[in-house]
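In the numbering used here, the protein residues as written are 3 to 430.
Take a look at the structure:
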């Protein structure tokens, strides 16, 4: 604060013995406060940080944050529409991918715009209740993302390693129950233990400093730090993320081992079944996609968590914190890009939906056309999918005791074996 004394001499009035010739004013001018007055919920007394965001950090944060937020909003909405509207993509595991995109959308649409507005103004200008809402929603969306990544990996593990068990979890009721647990668990972990304390503190200190405030150094709405609370929270995050990482590694290793074993069996038998080879390649691609998504999330989430845990005095610069915050934002805006780059089906779905929405017409890409093959119409891309047979007049279907089902058409029969393998033989 800068103290400025102003001495004003009265003139033009008759002297009154009760008043002095001079009126002394003391004006305090703060060079730290942004235009529009001091912020409501950030104060130097909390964590020893100034109650404003430097101008250069505000400009950079506004530009990069806007780009990341718009990318996340557009991409996650596009991914959700693709999974919910294209019949061939309505699979059990893809429903969880759509739910993950919804969690990312909560971050990109419900949290990031408020922070971008704060960057523009240089300080937090909303009510303290908005800061509490932003803090909870941000933490919930991050925890939901971790849980969804784990569930998606577990589903792929069941499909590849335990196919019979996975069939039970493909029912709609099972999917809705799992989704309900996914969204309820973060509320129990994050909201239930802390919200009563927050309400109690606010009721006991109605005029006191808020327990949750916007930290202009971290540029996040956080709890007021106590002696070692940030270290304890950091340890909890490390343990939780480490446990989730070990579980995912277990699923990935089991999937890889199962697919590799299937490949050895096919090579040993000297067979080159189209369906089996296609399934192996598809599982490898899905495995790579899941690994990339998890590694990307860890790389985006870990820097801010480590910095916030070890920098108890907020000694690091605004630029370092801004970089880690933008990395965290990127984790909710990049998943749809990873799916599109590593999975041709998602890429074709994006192109199809964008052309339908922007151009009002279908595209002639055979890969995009194959996505609609579930509705009964023909497709020029079916040669790369599961082998099919043309059913005509005189079709005869039989089943034997080994749960093998045969369909005879003309002089050829197609037999479906357990495990999804098909074989074509000539009929006598």
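Positions of the beta carbon are idealized from the N, C-alpha and C atoms, including for glycine.
Item to check | Of the listed residues 137, 145 and 66, nearest to residue 240 (C-alpha basis) | outcome: Position 238 of the chain shown, counting from 1, holds the residue named residue 240. The residue with the shortest Cα to Cα distance from residue 240 is 145.
Checklist entry - What's the call for residue 182, buried or exposed, on a 16-neighbour Cβ count within 10 Å? => result Against the chain shown, residue 182 aligns to sequence position 180. With fewer than 16 Cβ atoms within 10 Å of its Cβ, residue 182 is classed as exposed.
Item to check | Any 3 or more C-beta pairs closer than 8 Å across the region 112-120 and the region 64-83 | outcome: The region 112-120, when compared against the region 64-83, does touch it at the 8 Å Cβ threshold.
Next on the checklist: Going by beta-carbon coordinates alone, are residue 254 and residue 293 separated by less than 8 Å?
Outcome noted: What you label residue 254 is simply residue 252 of the chain shown in a count that begins at 1. What you label residue 293 is simply residue 291 of the chain shown in a count that begins at 1. When the beta-carbon positions are compared, residue 254 and residue 293 come within less than 8 Å of each other.
Item to check | Contact check, residue 177 vs residue 83, beta carbons under 8 Å | outcome: Residue 177 sits at position 175 when you count from the first residue of the chain shown. Residue 83 sits at position 81 when you count from the first residue of the chain shown. The beta carbons of residue 177 and residue 83 sit no closer together than 8 Å.
Checklist entry - Where in the region 95-148 do unbroken runs of the alpha helix (DSSP H), each at least 4 residues long, occur, reported from the N-terminal end onward? => result For the region 95-148, whole alpha helix (DSSP H) runs of length 4 or above, ordered along the chain, are 114-123.
Checklist entry - Which first and last residues belong to the beta strand (DSSP E) in which residue 323 is found? => result If you number the chain shown from 1, residue 323 lands on position 321. Segment 320-332 is the alpha helix (DSSP H) holding residue 323; no beta strand (DSSP E) there.
Checklist entry - Where does residue 131 land, buried or exposed, given buried means 16+ other C-beta within 10 angstroms? => result Locating residue 131 in the chain shown gives position 129, where the first residue counts as 1. Looking at its Cβ environment, which holds fewer than 16 other Cβ atoms inside 10 Å, residue 131 is exposed.
Item to check | One or two residues paired with residue 76 in a DSSP bridge | outcome: On the chain shown, position 74 is the one that residue 76 refers to. BP columns for residue 76 are empty, so no partner.
Checklist entry - What residue range is occupied by the uninterrupted beta strand (DSSP E) comprising residue 215? => result The residue labelled residue 215 in the question sits at position 213 within the chain shown. Per DSSP, residue 215 belongs to the beta strand (DSSP E) from 214-217.
Item to check | Bounding residues of the beta strand (DSSP E) (the contiguous stretch that carries residue 185) | outcome: If you number the chain shown from 1, residue 185 lands on position 183. For residue 185, no beta strand (DSSP E) encloses it; the enclosing alpha helix (DSSP H) starts and ends at 174-188.
Item to check | Span separating the alpha-carbon of residue 358 from that of residue 80 | outcome: The count along the chain shown starts at 1 and reaches residue 358 at position 356. The count along the chain shown starts at 1 and reaches residue 80 at position 78. Roughly 12 Å separates the two Cα atoms.
Checklist entry - Under 8 Å, do residue 72 and residue 121 count as touching if we go by C-beta distance? => result Sequence index remark: in the chain shown, residue 72 carries index 70 (1-based). Sequence index remark: in the chain shown, residue 121 carries index 119 (1-based). No, the Cβ-Cβ distance between residue 72 and residue 121 is not below 8 Å.
Checklist entry - Is it right to say residue 378 is buried, meaning 16 or more other beta carbons lie within 10 angstroms of its own, or is it exposed? => result Numbered from 1 along the chain shown, position 376 holds the residue referred to as residue 378. Note that residue 378 has pLDDT 38, beneath the 50 cutoff, so the model's placement of it is unreliable and no number is given.
Next on the checklist: Suppose you measure from the CA of residue 220 to the CA of residue 329; what does that come to, to the nearest Å?
Outcome noted: For the purposes of this step, residue 220 is taken as residue 218 along the chain shown, with counting starting at 1. For the purposes of this step, residue 329 is taken as residue 327 along the chain shown, with counting starting at 1. Going from the Cα of residue 220 to the Cα of residue 329 covers about 13 Å.
Item to check | Buried or exposed by the 16-neighbour rule on C-beta atoms within 10 Å, applied to residue 188 | outcome: Here the question's residue 188 lines up with position 186 in the chain shown. With 16 or more other Cβ atoms inside 10 Å of its own Cβ, residue 188 counts as buried.
Checklist entry - Exposed or buried, residue 333, counting other C-beta atoms within 10 Å across all chains shown (16 or more means buried)? => result Here residue 333 is taken as the residue at index 331 of the chain shown, counted from 1. The residue in question, residue 333, is buried, as its Cβ has 16 or more Cβ neighbours within 10 Å.
Checklist entry - Hey, residue 163 and residue 319: beta-carbon distance below 8 Å or not? => result As a first step, residue 163 must be located in the chain shown, where it is residue number 161. As a first step, residue 319 must be located in the chain shown, where it is residue number 317. Cβ atoms of residue 163 and residue 319: not closer than 8 Å.
Checklist entry - Do you know offhand how far residue 217's Cα is from residue 224's? => result On the chain shown, position 215 is the one that residue 217 refers to. On the chain shown, position 222 is the one that residue 224 refers to. Distance between the alpha carbons of residue 217 and residue 224 is about 7 Å.
Checklist entry - Is the beta carbon of residue 172 sitting closer than 8 Å to the one on residue 101? => result Stepping through the chain shown from its first residue, residue 172 is reached at position 170. Stepping through the chain shown from its first residue, residue 101 is reached at position 99. With respect to residue 101, residue 172 sits apart: the two C-beta atoms are not nearer than 8 Å.
Checklist entry - Name the DSSP beta bridge partners of residue 223, please? => result Position 221 of the chain shown, counted from the start, is the residue given in the question as residue 223. In the DSSP assignment, residue 223 is bridged to 216.
Item to check | Residue range of the alpha helix (DSSP H) that includes residue 1 | outcome: In the structure as shown, the chain starts at 3 and stops at 430, and residue 1 therefore has no counterpart that could be examined.
Item to check | Exposure label - residue 211; buried when at least 16 CB within 10 Å | outcome: Position 209 of the chain shown, counted from the start, is the residue given in the question as residue 211. Label assigned to residue 211: exposed.
Next on the checklist: Taking only three categories from DSSP, how would you classify residue 206?
Outcome noted: The count along the chain shown starts at 1 and reaches residue 206 at position 204. When DSSP states are grouped into helix, strand and coil, residue 206 belongs to the helix group.
Checklist entry - Would you call the CB atoms of residue 152 and residue 246 closer than 8 Å? => result Residue numbering aside, residue 152 sits at position 150 when the chain shown is read from its first letter. Residue numbering aside, residue 246 sits at position 244 when the chain shown is read from its first letter. By the CB criterion at 8 Å, residue 152 and residue 246 fall inside the cutoff.
Next on the checklist: Here's the rule I'm using: 16 or more other beta-carbon atoms within 10 Å means buried, otherwise exposed. How should residue 133 be labelled?
Outcome noted: Stepping through the chain shown from its first residue, residue 133 is reached at position 131. Residue 133 is buried by the Cβ-count criterion.
Checklist entry - So, residue 301 versus residue 326, is the Cβ gap smaller than 8 Å? => result For this step, residue 301 is matched to residue 299 along the chain shown. For this step, residue 326 is matched to residue 324 along the chain shown. No, these two residues do not count as a Cβ contact at 8 Å.
Checklist entry - If you drop the 5 nearest sequence neighbours on each side, which residues of the same chain put their C-beta closer than 7 Å to that of residue 286? => result Taking the chain shown and counting its residues from 1, the one referred to as residue 286 is at position 284. Excluding residues within five positions, the ones whose Cβ falls inside 7 Å are 261.
Item to check | 7 Å Cβ shell around residue 137 - same chain, five flanking residues per side excluded | outcome: Translated into the one-based positions of the chain shown, residue 137 becomes position 135. Counting only Cβ-Cβ distances below 7 Å, and skipping sequence neighbours, we find 214, 223 and 224.
Checklist entry - Residues in its own chain within less than 6 Å of residue 161 by CB, not counting five upstream and five downstream? => result Walking along the chain shown from the start, residue 161 turns up at place 159. Sequence-distant Cβ neighbours of residue 161 in its own chain, meaning closer than 6 Å and more than five residues away, are 168.
Checklist entry - What residue from 63, 307 and 77 has the CA that sits closest to residue 349's CA? => result Taking the first residue of the chain shown as 1, we reach residue 349 at position 347. The shortest C-alpha to C-alpha distance from residue 349 to any of 63, 307 and 77 is the one to 77.
Next on the checklist: Can you give me the C-alpha to C-alpha distance between residue 385 and residue 346, rounded to a whole angstrom?
Outcome noted: Locating residue 385 in the chain shown gives position 383, counting from the first residue. Locating residue 346 in the chain shown gives position 344, counting from the first residue. Note that residue 385 scores a pLDDT of 36, beneath 50, so its modelled location is shaky; the value from the coordinates is reported in the next line. Going by the C-alpha atoms only, they are around 15 Å apart.
Item to check | Beta carbon of residue 295 nearer than 8 Å to that of residue 340 | outcome: Along the chain shown, one-based indexing puts residue 295 at 293. Along the chain shown, one-based indexing puts residue 340 at 338. Their beta carbons are under 8 Å apart, which means residue 295 touches residue 340 by this criterion.
Checklist entry - So, is residue 105 buried or exposed, given that buried needs 16 or more other C-beta atoms within 10 angstroms? => result As a working mapping, residue 105 is identified with position 103 in the chain shown. Its Cβ being crowded by 16 or more others within 10 Å, residue 105 is buried.
Checklist entry - What's the call for residue 148, buried or exposed, on a 16-neighbour Cβ count within 10 Å? => result Your numbering for residue 148 matches position 146 in the chain shown. Result: buried.
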